[in-house]
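Residue numbers (my numbering), protein chains in the order written: chain A, 22 to 246; chain B, 316 to 459. Right, one structure below, let's go through it.
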Amino acid sequence: MAGTQAGVKRFYTLFAVLALAGVGVLAYLLLKPSTISIPVNVTIQPSDTSGFHGYVKGSKDAPVEITEFADYQCPFCQTFATLQMPTIEDRLINSGRLRWRYRDFPLQQHQFSRLAAHSAACADEQGKYWAQHEQIYQGQSEWAAARDAGPFFRNYARTVGLDLGRYDSCMKSGKYAGRIQASYNEGVQLGVSSTPTLLIGNRLYRGRLDSDAIIKMVDSLAPRR
Amino acid sequence: MIHRMTAAVLSLIGFFISAYLYLYKIGRIGTLACGTGSCETVQQSTWSRFAGVEVALIGLVGYAGLLAVSLVALQPAMTERSWPAKLLALLSGIGVGFTAYLTYLELFVIHAICRWCVGSAVIIISVFMVALLELRRLSRTRSL
Numbered sequence: 022m023a024g025t026q027a028g029v030k031r032f033y034t035l036f037a038v039l040a041l042a043g044v045g046v047l048a049y050l051l052l053k054p055s056t057i058s059i060p061v062n063v064t065i066q067p068s069d070t071s072g073f074h075g076y077v078k079g080s081k082d083a084p085v086e087i088t089e090f091a092d093y094q095c096p097f098c099q100t101f102a103t104l105q106m107p108t109i110e111d112r113l114i115n116s117g118r119l120r121w122r123y124r125d126f127p128l129q130q131h132q133f134s135r136l137a138a139h140s141a142a143c144a145d146e147q148g149k150y151w152a153q154h155e156q157i158y159q160g161q162s163e164w165a166a167a168r169d170a171g172p173f174f175r176n177y178a179r180t181v182g183l184d185l186g187r188y189d190s191c192m193k194s195g196k197y198a199g200r201i202q203a204s205y206n207e208g209v210q211l212g213v214s215s216t217p218t219l220l221i222g223n224r225l226y227r228g229r230l231d232s233d234a235i236i237k238m239v240d241s242l243a244p245r246r
Numbered sequence: 316m317i318h319r320m321t322a323a324v325l326s327l328i329g330f331f332i333s334a335y336l337y338l339y340k341i342g343r344i345g346t347l348a349c350g351t352g353s354c355e356t357v358q359q360s361t362w363s364r365f366a367g368v369e370v371a372l373i374g375l376v377g378y379a380g381l382l383a384v385s386l387v388a389l390q391p392a393m394t395e396r397s398w399p400a401k402l403l404a405l406l407s408g409i410g411v412g413f414t415a416y417l418t419y420l421e422l423f424v425i426h427a428i429c430r431w432c433v434g435s436a437v438i439i440i441s442v443f444m445v446a447l448l449e450l451r452r453l454s455r456t457r458s459l
């Protein structure tokens, strides 16, 4: 029966329907818009910034503070975070000589910067900001080229041990969009225009400072005893 | 003929499953539809690559090969030839072996099961079975 002309015709019809259905489903999945996006230029509410001035690492008694304005999708920020920060952390932050403050400065040209910043903010709710921060930077090459970076960030959230239910509802709410925008606006007011930019004292340092330069700077501002 | 048709349809379904998993893996689609919620655990594990290549891509290429052989085997001039059935059995047999290894990893190393992988395992075993049935049919036809 299957070998008859009618049977063969029926087979090729079924095969074509299946092939078209499969292509259709994949095309739909490829073309549908990304699940979550974080809006730009939102109206900043007082509650977005009350008591919040960036993510801080290091002792509150440290003699020197450096504020970093950075963008999760910026390649230089990624290099800085993965290559320079471990040394800075080891030599200066852990020894109590430096306090590091991280501020979001999502650049317009990077489509996932705000989503990444929001993902880290949602991790902060569960006390895992820096772990998520590191995961996002370490994985930049994979999510920056993706059509939807959200699933990558969610996977990092899983890796660092976040409660995914809480994480998902936080991401869907977009509740930190105002805080991210406020951080960006503060950077602009200070004169930040590119990333990474470091604010040390009242001076802005643009471009690629390495850990050696930062150690020398901290040494000059707060000589070792 | 029915065995070759079945192999072609199964290979096509397997091809789409692999394409879906590969598109997810390279970040082209959002989350995976997965009832048990373990698909992402499996797909994001270090075991989702084999010899530096995405396992989903290996599946995609493998099913594309099976599909091509199945369609060639369906051509009128090929229906009584045994080599397409032998090639189908060989390729799907390799697939079954590889699937067994991946299932072992899911069960005993990753401790998570991906439903799409289970679906693919059922498909590759089925292709292997119909290829063997086709070989049996051919040997019977020749012995008559």
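Ideal Cβ placement from N, Cα and C applies to all residues, glycine included. Being a predicted model, the structure only gives us computed values, none of them experimental.
Residues in its own chain within less than 6 Å of Gly199/A by CB, not counting five upstream and five downstream? Translated into the one-based positions of the first sequence, residue 199/A becomes position 178. Hits under 6 Å: Val63, Ile65, Gln66 and Asp69.
Enclosing beta strand (DSSP E) for Lys78/A [first to last residue]: In the first sequence, residue 78/A corresponds to position 57, counting from 1. It spans Tyr76 to Lys78 - the beta strand (DSSP E) in which Lys78/A sits, taken as one unbroken run.
Contact list for Ala335/B against chain A, beta-carbon separation under 7 Å: Residue mapping note: residue 335/B aligns to position 20 of the second sequence, counting from 1. According to the sequence as given, residue 335/B is Tyr; it is not Ala. Those are Leu47, listed as they occur along chain A.
Based on the DSSP secondary-structure assignment, which residues constitute the bridge partners of Asp125/A? For this step, residue 125/A is matched to residue 104 along the first sequence. Ala91/A.
How would you list, in chain order, the residues of chain A whose beta-carbon sits under 7 Å from the beta-carbon of Gln359/B? Here residue 359/B refers to the residue found at position 44 of the second sequence. Chain A residues near Gln359/B: Asn176.
Quick test of your reading: Ser407/B and Ile373/B, contact by CB under 8 Å. State the CB separation rounded to the nearest angstrom. Indexing the second sequence from 1 puts residue 407/B at position 92. Indexing the second sequence from 1 puts residue 373/B at position 58. The Cβ separation is near 14 Å, so there is no contact.
If you reduce the DSSP assignment to three classes, tell me which class Tyr226/A lands in. For the purposes of this step, residue 226/A is taken as residue 205 along the first sequence, with counting starting at 1. Of the three classes helix, strand and coil, the one that applies to Tyr226/A here is strand, per DSSP.
Under the three-state DSSP convention, the category Ile235/A falls into: Locating residue 235/A in the first sequence gives position 214, counting from the first residue. Note: Ile235/A maps to helix in three-state DSSP.
Would you say Ala27/A faces chain B, with C-beta separation under 9 Å as the test? Residue numbering aside, residue 27/A sits at position 6 when the first sequence is read from its first letter. No, no contact with chain B.
Please check if any C-beta of chain A sits within less than 9 Å of the C-beta of Ile328/B. Residue numbering aside, residue 328/B sits at position 13 when the second sequence is read from its first letter. Ile328/B counts as touching chain A.
Within 9 Å (strictly less), CB to CB, does Thr414/B reach chain A? Counted from its first residue, the second sequence places residue 414/B at position 99. So no, Thr414/B is outside the interface.
Mind checking if Tyr378/B is an interface residue toward chain A, Cβ cutoff 9 Å exclusive? Taking the first residue of the second sequence as 1, we reach residue 378/B at position 63. Judged by the 9 Å Cβ criterion, Tyr378/B is not in contact with chain A.
Going residue by residue through the segment 36-73 of chain A, where are the continuous alpha helix (DSSP H) segments of at least 4 residues, counting only ones entirely within it? 67-70
Verify the CB distance criterion: does Asp169/A have a CB-CB separation below 9 Å to chain B? Sequence index remark: in the first sequence, residue 169/A carries index 148 (1-based). Asp169/A counts as touching chain B.
Give me the chain A residues within the contact set of Ala323/B, using Cβ-Cβ distance strictly less than 7 Å, ordered along the chain. By one-based count along the second sequence, residue 323/B stands at place 8. Correct list: Phe36.
Count the other CB atoms within 10 Å of the CB of Ser204/A; is the residue buried (16 or more) or exposed (fewer)? Within the first sequence, numbered from 1, the residue matching residue 204/A stands at position 183. Buried, because 16 or more other Cβ atoms sit within 10 Å of the Cβ of Ser204/A.
May I ask you to list the residues that DSSP assigns as paired with Arg120/A? In the first sequence, residue 120/A corresponds to position 99, counting from 1. Paired residues: Glu86/A.
Mind the definition here: the segment 330-343 of chain B touches the segment 132-149 of chain A only if three or more C-beta pairs lie below 8 Å; say whether that holds. no
In chain order, what residues of the same chain have a beta carbon less than 6 Å from the beta carbon of Tyr197/A, not counting five sequence neighbours either side? Walking along the first sequence from the start, residue 197/A turns up at place 176. Excluding sequence neighbours, Tyr197/A sits near His139 and Ala142.
Continuous beta strand (DSSP E) stretch holding Leu220/A: start and end: Residue 220/A sits at position 199 when you count from the first residue of the first sequence. Note, Leu220/A: beta strand (DSSP E), Thr218 to Ile221.
Please tell me whether Phe331/B has its Cβ less than 9 Å away from any Cβ of chain A. Within the second sequence, numbered from 1, the residue matching residue 331/B stands at position 16. So yes, Phe331/B belongs to the interface.
The alpha helix (DSSP H) that contains Ser458/B, what's its start and end? Along the second sequence, one-based indexing puts residue 458/B at 143. Looking at the DSSP string, the run of the alpha helix (DSSP H) that includes Ser458/B is Arg430 to Ser458.
Can you find a C-beta in chain A that's less than 9 Å from the C-beta of Met316/B? Indexing the second sequence from 1 puts residue 316/B at position 1. For Met316/B, the answer is yes, since a Cβ of chain A falls inside 9 Å of its Cβ.
So, Gly367/B versus Ile409/B, is the Cβ gap smaller than 9 Å? Here residue 367/B refers to the residue found at position 52 when the second sequence is read from its first residue. Here residue 409/B refers to the residue found at position 94 when the second sequence is read from its first residue. No, the pair does not count as a contact, with Cβ atoms beyond the cut-off.
In the DSSP output, what is Phe174/A paired with across the bridge? To locate residue 174/A, count along the first sequence from 1; it is residue 153. Bridge partners of Phe174/A: none, in fact.
Have a look at the DSSP bridge pairing and note the partners of Phe365/B. The residue labelled residue 365/B in the question sits at position 50 within the second sequence. In the DSSP output, where bridge partners are listed per residue, Phe365/B has Val368/B.
Note down, in chain order, all residues in the segment 150-166 of chain A with a beta-carbon under 8 Å from any beta-carbon belonging to chain B. Glu163, Trp164 and Ala166
Among Tyr76/A, Asp169/A and Leu41/A, which residue has its Cα nearest to the Cα of Glu86/A? For the purposes of this step, residue 86/A is taken as the residue at position 65 of the first sequence. It is Tyr76/A.
Determine, for Ile439/B, whether the minimum Cβ-Cβ distance to residues of chain A falls below 9 Å. Counting from one through the second sequence, the residue named residue 439/B turns up at place 124. No - not a single Cβ of chain A is within 9 Å of the one on Ile439/B.
Within the segment 325-410 of chain B, note down every full alpha helix (DSSP H) run reaching 4 residues or more, in order along the chain. 354-358 and 370-388
Give me, in chain order, the residues of the same chain whose beta-carbon lies closer than 8 Å to that of Val411/B; leave out the 5 immediate sequence neighbours on both sides. Counting from one through the second sequence, the residue named residue 411/B turns up at place 96. Ile439, Ile440 and Phe443, listed in sequence order.
Through-space distance from Asp233/A to Pro107/A, alpha-carbon basis: Position 86 of the first sequence, counted from the start, is the residue given in the question as residue 107/A. Position 212 of the first sequence, counted from the start, is the residue given in the question as residue 233/A. Cα-Cα distance, rounded: 12 Å.
Residue closest to Gln130/A, alpha-carbon to alpha-carbon, out of Glu155/A, Val46/A and Pro96/A: Residue mapping note: residue 130/A aligns to position 109 of the first sequence, counting from 1. Considering only alpha carbons, the answer is Pro96/A.
When the Cα of Leu403/B is compared with those of Thr456/B, Glu449/B, Gly342/B and Thr414/B, which residue comes out closest? Here residue 403/B corresponds to residue number 88 of the second sequence, with the count starting at 1. Of the candidates Thr456/B, Glu449/B, Gly342/B and Thr414/B, the one whose C-alpha sits nearest the C-alpha of Leu403/B is Glu449/B.
For His464/B, name the three-state secondary structure that DSSP assigns. Outside the shown range of chain B (316 to 459) lies residue 464/B, about which nothing can therefore be said.
Mark Phe423/B as exposed unless 16 or more other C-beta atoms lie within 10 angstroms of its C-beta, in which case mark it buried. Against the second sequence, residue 423/B aligns to sequence position 108. It is exposed - the Cβ of Phe423/B has fewer than 16 other Cβ atoms within 10 Å.
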